[in-house]
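This report refers to the structure that appears directly beneath it.
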Amino acid sequence: MEQLGPNGQWFCQNCQKPTDAIKKLDLFQLPGVLILQLKRFTYDLTDDTKITTKIHVQEVLDLGRFLKKNDMTQHAIYDLVAVLTHTGTLASGHYTTFARHLTNSGWHHFNDRHVRQASLSEVLTSDTYVLVYERQHLRLSS
Numbered sequence: 184m185e186q187l188g189p190n191g192q193w194f195c196q197n198c199q200k201p202t203d204a205i206k207k208l209d210l211f212q213l214p215g216v217l218i219l220q221l222k223r224f225t226y227d228l229t230d231d232t233k234i235t236t237k238i239h240v241q242e243v244l245d246l247g248r249f250l251k252k253n254d255m256t257q258h259a260i261y262d263l264v265a266v267l268t269h270t271g272t273l274a275s276g277h278y279t280t281f282a283r284h285l286t287n288s289g290w291h292h293f294n295d296r297h298v299r300q301a302s303l304s305e306v307l308t309s310d311t312y313v314l315v316y317e318r319q320h321l322r323l324s325s
């Protein structure tokens, strides 16, 4: 839960005054594949900018704390299987993909027609734009 404070107030019909809001996320059913697109660009009237702040990418992601009332009937652990990257500026740039091999868990970097092996540290420190996670115990590719 996140307390939004004075900038996130809403008008309460019961007490008839502005009230601080709380933002929260509850998941009722987890997807087999989770795709997260990161907001890496800012847009306004005077300037459009790419956000280049490095982020910490988790190889294993646990969504259990977001399940409604900690519903443990669903397996909530996800493995990172692909990372889409963007190099360049807002006006121009280039997209590449890091993807984990299906059977040996090694990583590969796909750059147009060029494919090479990649290290996990290279994947985790790339110019991340989209993250693709697959839920554990759910091999969609099998």
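Numbering (the working numbering), first residue to last: 184 to 325. Ideal Cβ placement from N, Cα and C applies to all residues, glycine included. Remember, it's a predicted structure, so these values are computed and weren't measured experimentally.
- Going by DSSP, residue 306 is part of the alpha helix (DSSP H) stretching over 303–307.
- Secondary structure note for residue 294: its beta strand (DSSP E) is the uninterrupted segment 290–294.
- Under DSSP, residue 195 forms a beta bridge with 200.
- Pairing residue 216 with residue 320, the inter-Cα distance amounts to about 12 Å.
- By the neighbour-count criterion, in which 16 or more other beta carbons inside 10 Å mark a residue as buried, residue 267 falls on the buried side.
- Judged by beta-carbon spacing, residue 250 lies beyond the 7 Å limit of residue 314, meaning their Cβ atoms are not closer than that value.
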